[in-house]
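The sequence shown begins at 1 in the working numbering and counts up by one.
Every residue gets a Cβ at the ideal spot worked out from N, C-alpha and C, and that includes glycine.
Please read these numbers as outputs of a predicted model, since none were measured by experiment.
Below you'll find the structure, written out as structure tokens, and then a few comments.
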Amino acid sequence: MKKALMKIISAGLVMGMMVSATACSKKKAGQLVMATNAYFEPYEYHQDGKIVGIDVEIAEAIAKKLDMELKIEDVEFDSIIAGVQSKKYDIGMAGMTVRPDRLESVNFSDSYATGIQAVIVKEDSGITDLDALLEGDYKIGVQQGTTGDIYMTEDPMVGDARVVRFTKGNDAVLALSSGKVDAVVIDNEPAKHFVEATGGLTILPTFYAEEEYAICVNKEDTELLEKINKALRELKEDGTIAAIIEKYIPSEG
Ligand code: ARG
Numbered sequence: 001m002k003k004a005l006m007k008i009i010s011a012g013l014v015m016g017m018m019v020s021a022t023a024c025s026k027k028k029a030g031q032l033v034m035a036t037n038a039y040f041e042p043y044e045y046h047q048d049g050k051i052v053g054i055d056v057e058i059a060e061a062i063a064k065k066l067d068m069e070l071k072i073e074d075v076e077f078d079s080i081i082a083g084v085q086s087k088k089y090d091i092g093m094a095g096m097t098v099r100p101d102r103l104e105s106v107n108f109s110d111s112y113a114t115g116i117q118a119v120i121v122k123e124d125s126g127i128t129d130l131d132a133l134l135e136g137d138y139k140i141g142v143q144q145g146t147t148g149d150i151y152m153t154e155d156p157m158v159g160d161a162r163v164v165r166f167t168k169g170n171d172a173v174l175a176l177s178s179g180k181v182d183a184v185v186i187d188n189e190p191a192k193h194f195v196e197a198t199g200g201l202t203i204l205p206t207f208y209a210e211e212e213y214a215i216c217v218n219k220e221d222t223e224l225l226e227k228i229n230k231a232l233r234e235l236k237e238d239g240t241i242a243a244i245i246e247k248y249i250p251s252e253g
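Right, here's the structure in full:
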């Protein structure tokens with residue numbers, strides 16, 4: 001009798017523990033969890049202890065329309081898609097380029113911005129254009145898993161052996177400054193900020209590829225995707241997105 005009771009109590013305890021464990025790992029209702037990699041000014045970066053930037057403000061505006069609370073997770077760029085696939089995060093938003101291979105794993109929203117791949121070199125490098133970089137036996141730094149990485153690795157002129165991968169864009173730029181790599185291929189707007197912050201570096205006048213940035217969502221979350229696209233349409237139409245982009249990337253004149 002006593003033993004049976006103990007069993008029931010301990011079974012209850014175990015179950016209670018299991019319930020609270022799932023409760024902890026489950027996302028809260030009404031929360032929109034966004035995975036990003038916040039070393040990518042002006043799209044997402046740390047400032048005064050907060051993560052700010054174009055993507056953050058657009059995500060805030062979308063969450064508001066969805067009546068949800070935005071929660072940002074700063075993770076490695078090449079873990080964002082896997083985390084969205086496993087539903088650890090609801091969305092991935094990180095100046096992320098729409099690519100056919102990524103579309104095999106996740107869905108993408110409509111595009112909210114465009115980007116271009118830029119090449120950063122040292123001011124005195126003697127590398128004056130893209131062809132010189134591709135043809136020479138130079139080491140090229142990239143952020144792991146980004147389009148810069150993919151383009152360079154797949155370029156028949158370049159290839160794996162010449163590509164040096166870093167988990168953060170900053171680290172690639174640091175390696176360029178210290179001479180460990182000869183160039184960095186990265187999106188144009190972050191490239192401008194890195195060059196400004198570092199000194200002795202310059203961006204080549206030729207650009208590698210134009211890209212569309214969008215939000216990635218789990219393939220099963222089609223309702224969420226539709227809501228995000230609707231919010232994006234409204235935010236484009238009322239000028240909110242243009243204003244957010246203009247705030248971080250002021251057009252000249
Ligand atoms: N646009 C590039 C890509 O999608 C680079 C994005 C990197 N973003 C970041 N937050 N670090 O691969």
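In chain order, GLN117, VAL185, TYR208, ALA209 place their CB closer than 8 Å to the CB of TYR151, counting only its own chain and leaving out the 5 sequence neighbours on each side. Remark: the C-beta of PHE108 is outside contact range of ligand 1, defined as less than 8 Å to any heavy atom.
Under the DSSP assignment, ARG102 falls in the alpha helix (DSSP H) whose first and last residues are 100-103.
With a beta-carbon spacing of about 6 Å, PRO190 and GLU41 fall inside the 8 Å limit used to define contacts. When the five nearest sequence neighbours on each side are left out, the beta carbons in the same chain lying within less than 6 Å of the beta carbon of GLN144 are those of ASP78, ARG165, THR167, in order along the chain. Under the 10 Å beta carbon count, GLY169 is surrounded by 16 or more other beta carbons and is classified as buried.
Counting along the chain, ARG233 sits inside the alpha helix (DSSP H) bounded by residues 222-237.
Apart from the 5 residues on each side of it in sequence, GLY95 sits with its Cβ closer than 7 Å to the Cβ of PHE40, TYR43, ASP55, GLY115, ASP187, TYR213 in its chain, given in chain order. Counting only runs of 3+ residues, the beta strand (DSSP E) found wholly inside the segment 23-61 occupies 31-36, 44-47, 50-52, in chain order.
With respect to the 9 Å criterion, LEU32 and ASP90 are classified as neighbours on the basis of their beta carbons. If you draw a 10 Å sphere on the C-beta of ASP67, you find fewer than 16 other C-beta atoms in it, and that means exposed. Contact annotation, ILE58 with LEU235: C-beta distance approximately 7 Å; criterion of less than 8 Å satisfied.
Nearest in C-alpha terms to VAL119, of all of TYR138, GLY92, VAL217, is TYR138. For MET152, the distance from the CB to the nearest heavy atom of ligand 1 is not below 8 Å.
Nearest to ALA197 by C-alpha distance, out of SER177, GLU211, THR206, is SER177. In terms of CA proximity to ASP171, ILE140 leads the group GLY159, ASP160, LYS230, ILE140.
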